[in-house]
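One structure is given here, and the rest of the page talks about it.
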Amino acid sequence: IKLQPEDPALYALRASFKIGKKDFQGALKDYDKSIQLTPKNISLYFSRADLKVMLQDTDGAIEDMNKVLEINPNSAKAYIYRADFKFSKNDFKGAEADYTKAIGVEPNNELAYAYRGIVKLTIYKDSIGALKDFDKSIQIKPNEVAHTFRAQIYMAKKDYDNGIKDLDNAIIINPNYVDARVLRGAIRFGILHKLEGALEDYSKAIDLQPNNALYYTYRGDVRAELGDEEGSQADYTKAESLDPNVWSLR
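Numbering (the working numbering), first residue to last: 18 to 267.
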């Protein structure tokens with residue numbers, strides 16, 4: 018940078034190194050400088066928005082997506098990012114509108130349908146509209162998000178066969194998708210009574226998110242049912258060490 022102080026790529030590269038060292042404020046300054054030098058480089062706004070979210074500056078992240086959309090009004094990715102940010106701020110109508118805009122500019126974007134379906138299902142309790150979105154998403158391209166949330170609709174209807182099929186497909190697509198693991202574990206344990214399968218799913222969820230206290234309680238329940246009292250107690254103890262209030266979350 019001393020030799021080439023006007024090279025924006027160098028500032029962006031240094032920003033990524035600083036993020037790796039958890040120097041987030043330093044990284045933000047470097048992204049600011051890189052964007053100052055190349056204000057129409059869209060990829061930099063996405064990177065800076067991700068960093069701003071890490072810094073809990075969701076409003077700033079939304080502003081970055083607004084800028085991207087000024088440069089390229091047909092960026093489905095920017096609409097999806099902005100929708101995600103709005104959702105995190107409980108602006109559900111704004112999020113749904115942005116997912117719809119993403120679909121408008123990119124009708125074959127499977128994730129836009131999947132995420133809009135999540136808003137319809139979890140916020141508006143519109144299972145019919147959500148199911149249409151999940152079906153469309155999977156029709157475009159099978160993905161773990163749509164399969165997992167469609168499974169919830171099937172489970173609510175007590176259509177366990179199709180629910181499990183969706184979760185199996187979600188895990189085939191992405192074995193590390195923790196939401197599918199936890200939901201399948203719950204169904205295997207509480208409904209199908211397939212204890213070994215439930216144990217496998219909860220153990221994988223713990224591997225993926227070892228600091229999630231709830232997952233240890235779930236696995237502890239399975240181990241207790243299997244007669245493994247020592248393992249069950251170990252899981253409960255671990256859960257309480259991670260979060261003393263874990264039982265109030267269940």
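Beta carbons: idealized from backbone N, C-alpha and C, even for Gly.
Which of helix, strand or coil DSSP assigns to residue i
{"i": "Glu123", "result": "coil"}
{"i": "Gly207", "result": "helix"}
{"i": "Pro227", "result": "coil"}
{"i": "Thr234", "result": "helix"}
{"i": "Gly77", "result": "helix"}
{"i": "Glu213", "result": "helix"}
{"i": "Ile157", "result": "helix"}
{"i": "Glu257", "result": "helix"}
{"i": "Leu27", "result": "helix"}
{"i": "Leu68", "result": "helix"}
{"i": "Asn193", "result": "coil"}
{"i": "Leu266", "result": "helix"}
{"i": "Thr55", "result": "coil"}
{"i": "Gln21", "result": "coil"}
{"i": "Tyr141", "result": "coil"}
{"i": "Lys175", "result": "coil"}
{"i": "Asn186", "result": "helix"}
{"i": "Ser249", "result": "helix"}
{"i": "Leu61", "result": "helix"}
Within 8 Å, strictly: CB atoms of residue i and residue j
{"i": "Tyr219", "j": "Val239", "result": "yes"}
{"i": "Ile79", "j": "Lys103", "result": "yes"}
{"i": "Ile181", "j": "Arg198", "result": "no"}
{"i": "Ala147", "j": "Ile170", "result": "yes"}
{"i": "Phe151", "j": "Tyr98", "result": "no"}
{"i": "Ile204", "j": "Phe166", "result": "no"}
{"i": "Ile36", "j": "Ala44", "result": "yes"}
{"i": "Tyr132", "j": "Ala100", "result": "yes"}
{"i": "Val195", "j": "Thr234", "result": "no"}
{"i": "Tyr177", "j": "Ile208", "result": "yes"}
{"i": "Leu61", "j": "Glu23", "result": "no"}
{"i": "Phe109", "j": "Ile140", "result": "yes"}
Nearest-angstrom beta carbon gap, residue j and residue i [assumed within contact, 8 Å]
{"i": "Leu128", "j": "Asn160", "result": "7 Å"}
{"i": "Asp47", "j": "Arg31", "result": "5 Å"}
{"i": "Ala222", "j": "Tyr232", "result": "5 Å"}
{"i": "Ser154", "j": "Tyr130", "result": "4 Å"}
{"i": "Arg65", "j": "Asp81", "result": "6 Å"}
{"i": "Ala256", "j": "Ala230", "result": "4 Å"}
{"i": "Asn228", "j": "Leu259", "result": "6 Å"}
{"i": "Asn125", "j": "Ile157", "result": "5 Å"}
Spatial neighbours of residue i in its chain, beta-carbon cut-off 6 Å, leaving aside the 5 residues before and after
{"i": "Phe206", "result": "Ala215, Val239"}
{"i": "His164", "result": "Asp183, Asn186, Ala187"}
{"i": "Tyr28", "result": "Asp47, Lys50, Ser51"}
{"i": "Val70", "result": "Ala78"}
{"i": "Ala95", "result": "Met82, Val85, Leu86"}
{"i": "Val162", "result": "Ala131"}
{"i": "Val122", "result": "Asn91, Ala93"}
Chain-order list of residues whose beta-carbon lies under 7 Å from that of residue i (same chain, five-residue window excluded)
{"i": "Asp224", "result": "none"}
{"i": "Asn193", "result": "Leu225"}
{"i": "Met172", "result": "Gly180, Ile204"}
{"i": "Gly248", "result": "Arg240"}
Closer than 8 Å to chain C by CB, residue i
{"i": "Val85", "result": "Absent here is chain C; the protein component of the structure consists of one chain."}
Own chain, CB closer than 8 Å to residue i, minus 5 neighbours either side, in chain order
{"i": "Asp67", "result": "Ala78"}
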